[in-house]
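Straight run, no breaks: the sequence shown in the numbering used here ends on number 187. Beta carbons are placed, not taken as given, at the ideal position from N, Cα and C, and that holds for glycine. Okay, so here's the structure we're looking at.
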Amino acid sequence: MLTIPNLISLLRLPLAILFVFSGSFFRAVVLILAAFSDFLDGFIARRYSTTSRYGTLIDPVMDKLFVIIVLATLIQESSLEPWEIASLLCRDISVFIFGIYLILTGKLESYRLRSIWSGKVTTALQFVVLFLMTLGITPSPFVFSIFILLGLAALFELYLTSRFEMRQDEIS
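If you want it as structure tokens, here you go:
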């Protein structure tokens, strides 16, 4: 079912397309709107109890699609170094690795999808870094190293939650 929070999440796709064809100032505005929509969809879904499995999937997909389109634009303009790109995507790579683990162990179907703290922090920090880079400000390498740590934290957190779920299933 398509809810208001789902529609707000889906708005990030046209915002990403606007980013591609805009100048620096409007790109900064687009990033602010995208970050606000990321906050707003979750807030409304929780506040009005309209959370859904579809929303649990579509929100992070739209986040990643937005970030990938912005990154592709900045890469094409030579605004990012390869190591900066790799660090920005570290958490996403960790989630991908965890997904492969779930597939190989046959646990994908039983795994309960939910957001994790490292995902929320990573997305917020990605928006901030991309906003700064859009304004021509390159954050220090230390900021990019935080993404690597968040990627490792995500992998650890996902593994622990899957182990906890398996134990809960054994008890039930």
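Ranges of the alpha helix (DSSP H) found wholly within the stretch 90 to 130, counting only runs of at least 4 = Counting whole runs of 4 or more residues, the stretch 90 to 130 contains the alpha helix (DSSP H) stretches 97 to 103, 105 to 119.
Counted within 10 angstroms of its Cβ, other Cβ atoms place R27 as buried (16 or more) or exposed | Taking the first residue of the sequence shown as 1, we reach residue 27 at position 12. It counts as buried.
Using the C-alpha atoms, what's the distance from L33 back to L22?
-> Translated into positions along the sequence shown, residue 22 becomes position 7. Translated into positions along the sequence shown, residue 33 becomes position 18. If I take the Cα positions, the gap works out to 17 Å.
With distances taken Cα to Cα, identify the nearest neighbour of F81 among L30, C105, I152, F40.
-> Locating residue 81 in the sequence shown gives position 66, counting from the first residue. When only C-alpha atoms are compared, the closest one is L30.
Drop a sphere of 10 angstroms on the beta-carbon of I73, count the other beta-carbons inside from all chains shown, and report buried for 16 or more, exposed for fewer.
-> Locating residue 73 in the sequence shown gives position 58, where the first residue counts as 1. Residue environment: I73 is assigned as buried (16 or more neighbouring CB atoms within 10 Å of its CB, all protein chains considered).
Check whether C105 and L25 have beta carbons under 8 Å apart = Counting from 1 along the sequence shown, the entry for residue 105 is found at position 90. Counting from 1 along the sequence shown, the entry for residue 25 is found at position 10. With contacts defined as CB atoms closer than 8 Å, C105 and L25 fail to qualify as a contacting pair.
P75 burial status per 10 Å Cβ neighbour count (16 or more: buried) | Along the sequence shown, one-based indexing puts residue 75 at 60. Label assigned to P75: buried.
Find out if the Cβ-Cβ distance for the pair I84, I100 is shorter than 8 Å.
-> One-based indexing of the sequence shown puts residue 84 at position 69. One-based indexing of the sequence shown puts residue 100 at position 85. By the CB criterion at 8 Å, I84 and I100 fall outside the cutoff.
Between which two residues does the alpha helix (DSSP H) carrying I59 extend?
-> For this step, residue 59 is matched to residue 44 along the sequence shown. For I59, the uninterrupted alpha helix (DSSP H) segment begins and ends at 39 to 62.
Under the assumption that V158 contacts V144 (Cβ atoms under 8 Å), give the Cβ distance between them as a whole number of angstroms.
-> Residue 158 sits at position 143 when you count from the first residue of the sequence shown. Residue 144 sits at position 129 when you count from the first residue of the sequence shown. Contact holds; Cβ gap of about 6 Å.
So, helix, strand or coil for S67, using DSSP?
-> For the purposes of this step, residue 67 is taken as residue 52 along the sequence shown, with counting starting at 1. Judged by DSSP in its simplified three-state form, S67 adopts coil rather than helix or strand.
Compute the Euclidean distance between the alpha carbons of R42 and S94, then round it to the nearest angstrom.
-> Residue numbering aside, residue 42 sits at position 27 when the sequence shown is read from its first letter. Residue numbering aside, residue 94 sits at position 79 when the sequence shown is read from its first letter. So the alpha carbons of these two residues sit roughly 14 Å apart.
Looking at the structure shown, is P156 part of a helix, part of a strand, or coil, going by DSSP?
-> Against the sequence shown, residue 156 aligns to sequence position 141. Of the three classes helix, strand and coil, the one that applies to P156 here is helix, per DSSP.
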